[in-house]
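Residue numbers (this note's numbering): 23 to 302.
Presented below is the structure to which this report refers.
Pasting the structure below:
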């Protein structure tokens with residue numbers, strides 16, 4: 023099979039790491055239920071981790087008895103290792119043709135095929151390992167091990183069968199009057215040992231929104247203010263123009279030698295980003 027990789031500027035490439043249940047040959051497409059077509063970058067034994075292209079634009083040899091037109095569906099013939107515009111006896115849907123051509127007996131005609139219109143991951147996975155730099159969208163995720171990602175967004179409940187869902191906090195120490203950054207709030211803990219009464223002004227809602235991927239109206243950011251003052255020095259939270267106090271004025275004061283929990287609830291995430299502050 024004549025096979026080369028070809029990338030067009032408007033198309034995206036995406037690689038994933040995956041263990042297949044049989045041996046695979048480099049650049050020979052396979053079809054995995056729930057993932058769609060995958061193209062391995064190296065010869066790999068069964069149940070060994072390999073890097074695969076899941077999205078991208080590639081050239082494939084056209085079957086000698088077939089004509090493919092740009093824009094139509096393309097199918098891969100796993101026996102003859104060629105592509106055609108109809109489903110073969112042994113093969114699978116590959117992607118959309120970006121160029122056209124009529125195959126010949128010498129196998130010198132190829133067409134560019136985009137895998138980028140393949141469906142999102144939809145299957146259940148057991149022992150397989152999946153690593154991707156793109157997005158995974160699914161209805162439910164059940165895991166007995168670790169789920170590690172830069173950003174995790176859920177439209178439903180994130181639950182743990184152990185005692186708690188454990189996060190990583192960053193402690194920001196502020197001992198004088200200041201304006202908190204969005205990062206200070208996201209960090210989770212603001213600690214202060216003031217030598218007088220101080221004000222801590224909340225950041226803008228838009229800056230906070232930028233650090234909360236996938237936020238919708240009702241999305242909540244929680245943080246805690248810890249006042250370590252031994253005397254009568256109060257920490258007072260001051261509303262910003264876009265994060266206002268949803269409770270009463272007294273809720274904004276954190277007395278010495280106490281701590282208070284707060285929640286910022288987004289009330290607008292589109293045009294004029296806004297949120298309200300509530301004391302826990």
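By construction, the Cβ of each residue, glycine as well, lies at the ideal position given by its N, Cα and C atoms.
Starting from residue i, trace the alpha helix (DSSP H) in both directions and tell me its first and last residue.
i, result
"residue 231", "227-231"
"residue 205", "204-209"
Of the choices the options, whose alpha-carbon is the least far from that of residue i?
i, options, result
"residue 254", "276, 267, 266 and 236", "276"
"residue 79", "37, 57, 168 and 223", "37"
"residue 58", "201, 116 and 164", "116"
"residue 192", "279, 204, 198 and 69", "204"
"residue 66", "83, 46, 262 and 56", "46"
"residue 109", "103, 96 and 121", "96"
"residue 135", "107, 264, 68 and 208", "107"
"residue 124", "91, 280, 274 and 272", "91"
"residue 174", "236, 84, 48 and 83", "236"
"residue 122", "273, 194, 280 and 89", "89"
"residue 76", "70, 41 and 61", "61"
"residue 111", "120, 99 and 118", "99"
"residue 188", "168, 69 and 194", "168"
"residue 256", "280, 242, 244 and 120", "280"
"residue 94", "137, 272, 210 and 302", "137"
"residue 128", "101, 164, 118 and 87", "87"
"residue 225", "41, 206 and 273", "206"
"residue 250", "229, 212 and 164", "212"
"residue 291", "273, 230 and 209", "230"
"residue 101", "283, 118, 126 and 51", "51"
Ordered along the chain, which non-local residues of its own chain (more than five positions away) have a Cβ less than 8 Å from that of residue i?
i, result
"residue 289", "239, 296, 297 and 298"
"residue 197", "214, 215, 216, 217 and 220"
"residue 268", "287, 298, 299 and 300"
"residue 294", "264"
Within the continuous beta strand (DSSP E) that includes residue i, where are the two ends?
i, result
"residue 270", "Residue 270 -> no beta strand (DSSP E), and no H or E assigned at all."
"residue 244", "242-249"
"residue 62", "58-62"
"residue 297", "296-301"
"residue 137", "Here residue 137 belongs to no beta strand (DSSP E), and DSSP marks it neither H nor E."
"residue 287", "280-290"
Apart from the five residues on each side of it in sequence, which residues of its chain come closer than 7 Å, Cβ to Cβ, to residue i?
i, result
"residue 73", "37, 39 and 63"
"residue 27", "With a pLDDT of only 46 at residue 27, under 50, the local geometry of the prediction cannot be trusted, and the value read off the model is given with reservation. If we look at residue 27 and ignore the five residues flanking it on each side, its Cβ neighbours are 80."
"residue 48", "62, 63, 64 and 65"
Assuming residue i and residue j are in contact, meaning their beta carbons sit under 8 Å apart, how far apart are those beta carbons, in whole angstroms?
i, j, result
"residue 278", "residue 261", "That belief does not hold up - the Cβ atoms of residue 278 and residue 261 are roughly 22 Å apart, past 8 Å."
"residue 222", "residue 200", "6 Å"
"residue 259", "residue 270", "Wrong, their Cβ atoms sit about 13 Å apart, outside the cutoff."
"residue 244", "residue 195", "Not quite, the Cβ-Cβ distance comes to about 19 Å (not below 8 Å), so this is no contact."
Please state the DSSP three-state secondary structure of residue i.
i, result
"residue 44", "coil"
"residue 109", "coil"
"residue 237", "coil"
"residue 99", "strand"
"residue 28", "Interpretation of residue 28 is limited by its pLDDT of 47, a score under 50 that renders its predicted location unreliable; the figure taken from the coordinates is listed afterwards. Coil."
"residue 91", "coil"
"residue 171", "coil"
"residue 262", "coil"
"residue 85", "coil"
"residue 67", "coil"
"residue 195", "strand"
"residue 165", "coil"
"residue 116", "strand"
"residue 129", "coil"
"residue 6", "Residue 6 is absent from the model: the chain starts at 23 and stops at 302."
"residue 214", "strand"
"residue 123", "strand"
"residue 224", "coil"
"residue 252", "coil"
"residue 36", "strand"
"residue 190", "coil"
"residue 200", "strand"
If we define contact as Cβ-Cβ less than 8 Å, is residue i a contact residue for chain B?
i, result
"residue 41", "Among the chains of the structure shown, chain B does not appear; only one protein chain is present."
Near residue i, what residues of its chain come up, given a Cβ to Cβ distance below 6 Å and the 5 sequence neighbours on each side ignored?
i, result
"residue 104", "83 and 85"
"residue 53", "59 and 114"
"residue 32", "Confidence in residue 32 is poor, its pLDDT being 44 and thus under 50, which makes the residue's placement too unreliable to answer from."
"residue 266", "298"
"residue 228", "295"
"residue 69", "41"
Within 7 Å: the Cβ of residue i and any heavy atom of the ligand COA?
i, result
"residue 97", "Judged by which ligands are present, the structure shown has none, so any question about the ligand COA falls away."
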